[in-house]
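**Student:** Using the working numbering, you'd call the opening residue of the sequence shown number 1332 and step up by one each time.
Below you will find the structure I want to go over with you.
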Amino acid sequence: MIIIKMQGGLGNQLFLYGLYKELLYLGREVKMDNISGFEDDPQRSPSLYKLGISYDIAEDGEIRTMRDSYMDPLSRIRRKITGRKNKDYYEALDGNFDEHVLKADDIYLNGYFQSDDYFKDDEVRQELIADICKNKDLYLGNQDVTGIRKAIRSSNSVSMHIRRGDYLTPVSRKTYGGICTDDYYAKAMELVRSSYPDTQFYIFSNDIDWCRAKYKDTDNISFVNISGDDSDIKEFFLMSECRHHILANSSFSWWAAFLGSADDRDRLNIVPSKWTNTRQMKDIYASWMTRI
């Protein structure tokens, strides 16, 4: 059996689900641990169910056996004497694709595995897109988003994802800061305009008020600000409806672009040339992306 530790936000969970689908395709018995990864992360929780996605969940005993984490007195004494005999396998330190992950068995996978090389088979990709988009029309059929969706579909639309909020904390700034700068967005917008002069930009952000102030005098820009229940899911799907994409160094916009244009070469998907400050992360880039 293979157990994958589910963790992170929506985009990270989708990467782990992509790996899950590929392992199933390869004939493995694979389950998700959807508890351990959120015990110390009160800001996040399993969220793929909002997309209508289901998966096999590992039982507590299966996880404890795999991780050698039973807390009875005899198990504790044994671990003190012989050490922990767990089967944890951590993703590569540089964050790049590790082919061993697709070959191993009897293993507990701990990491984010952010590369489409982990779900490279065409059949898996098509199933993955179908699974993710299963409830898309339900979310985009709501009255608060139908007008925006129509406008996006009727224009040469460009999503521009600007992530602030949690990315401005000291820890996150060390990892993600200084990459998607004002200069990056200016160059990306100019690149899109040079190829498609009639583009309409749609800004998506977790700090939309800052974006309004920043780009208030810029032509052909709309600010997407959905409120209420499941606003993040609605904005995710609206972003995916755009024809072109300017990504932040965020798995959220990575997946929106993947859904929107991974199989259409006549689209621009612009990404920063560096993803993080702490790891190389070269394999998070896909063939359908343009790095600047």
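Cβ coordinates follow ideal geometry from the N, Cα and C atoms, glycine included.
Since the model is a prediction, treat every value here as computed from it, not as a measurement.
Is the beta carbon of residue 1580 closer than 8 Å to that of residue 1606?
**Tutor:** Taking 8 Å as the Cβ cut-off, residue 1606 and residue 1580 qualify as a contacting pair.
**Student:** Kindly indicate which residue of 1540, 1543, 1615, 1575 has the alpha-carbon position closest to the one of residue 1524.
**Tutor:** Here the closest residue by C-alpha is 1575.
**Student:** Within 10 angstroms of its Cβ, does residue 1572 collect 16 or more other Cβ (buried), or is it exposed?
**Tutor:** So residue 1572 ends up on the buried side.
**Student:** Between residue 1455 and residue 1392, what straight-line distance do the alpha-carbon atoms span, to the nearest angstrom?
**Tutor:** Distance between the alpha carbons of residue 1455 and residue 1392 is about 30 Å.
**Student:** If you draw a straight line from the alpha carbon of residue 1562 to that of residue 1481, how long is it in whole angstroms?
**Tutor:** In a straight line, the C-alpha of residue 1562 is about 18 Å away from that of residue 1481.
**Student:** Could you tell me the alpha carbon to alpha carbon distance between residue 1354 and residue 1442, rounded to whole angstroms?
**Tutor:** Those two C-alpha atoms are separated by around 15 Å.
**Student:** Going straight from the alpha carbon of residue 1535 to that of residue 1468, what length do you get?
**Tutor:** Taking the straight line joining both Cα atoms gives about 19 Å.
**Student:** Determine the closest residue to residue 1604 out of 1559, 1598, 1613, with distance taken between C-alpha atoms.
**Tutor:** Out of 1559, 1598, 1613, 1613 has the C-alpha closest to the C-alpha of residue 1604.
**Student:** Quick one: what does DSSP say residue 1346 is sitting in, helix, strand or coil?
**Tutor:** Helix, per DSSP.
**Student:** Quick check on residue 1440: does DSSP put it in helix, strand or coil?
**Tutor:** Reduced to three states, the DSSP call for residue 1440 is strand.
**Student:** When you compare the CB positions of residue 1418 and residue 1387, do they come within less than 8 Å of one another, or not?
**Tutor:** Against a cut-off of 8 Å, the Cβ pair of residue 1387 and residue 1418 comes out as no contact.
**Student:** Whole angstroms are fine: how far does the CA of residue 1537 sit from the CA of residue 1495?
**Tutor:** About 6 Å.
**Student:** From residue 1342 to residue 1528, what distance separates their C-alpha atoms?
**Tutor:** When rounded, the distance between both Cα atoms is 31 Å.
**Student:** In chain order, which continuous runs of the beta strand (DSSP E) of length 3 or greater are located wholly inside the stretch 1482-1521?
**Tutor:** The stretch 1482-1521 contains these whole beta strand (DSSP E) runs: 1487-1493.
**Student:** With distances taken Cα to Cα, identify the nearest neighbour of residue 1398 among 1382, 1420, 1384.
**Tutor:** The residue with the shortest Cα to Cα distance from residue 1398 is 1420.
**Student:** I want to know whether the stretch 1350-1368 touches the stretch 1443-1450 - three or more CB-CB distances under 8 Å.
**Tutor:** Taking 8 Å as the limit for Cβ pairs, the verdict is that the stretch 1443-1450 does touch the stretch 1350-1368.
**Student:** Would residue 1543 pass as a contact of residue 1554 if the rule is Cβ separation under 8 Å?
**Tutor:** Against a cut-off of 8 Å, the Cβ pair of residue 1554 and residue 1543 comes out as a contact.
**Student:** In chain order, what are the residue ranges of uninterrupted beta strand (DSSP E) at least 3 long that sit wholly in the stretch 1529-1560?
**Tutor:** Segments of the beta strand (DSSP E) lying fully in the stretch 1529-1560: 1530-1536, 1552-1554.
**Student:** Residue range of the beta strand (DSSP E) that residue 1420 falls in?
**Tutor:** Taken as a continuous stretch (DSSP letters only), the beta strand (DSSP E) holding residue 1420 covers 1419-1421.
**Student:** Restricting to runs no shorter than 4 residues, where is the alpha helix (DSSP H) found entirely within the stretch 1445-1470?
**Tutor:** Segments of the alpha helix (DSSP H) lying fully in the stretch 1445-1470: 1453-1463.
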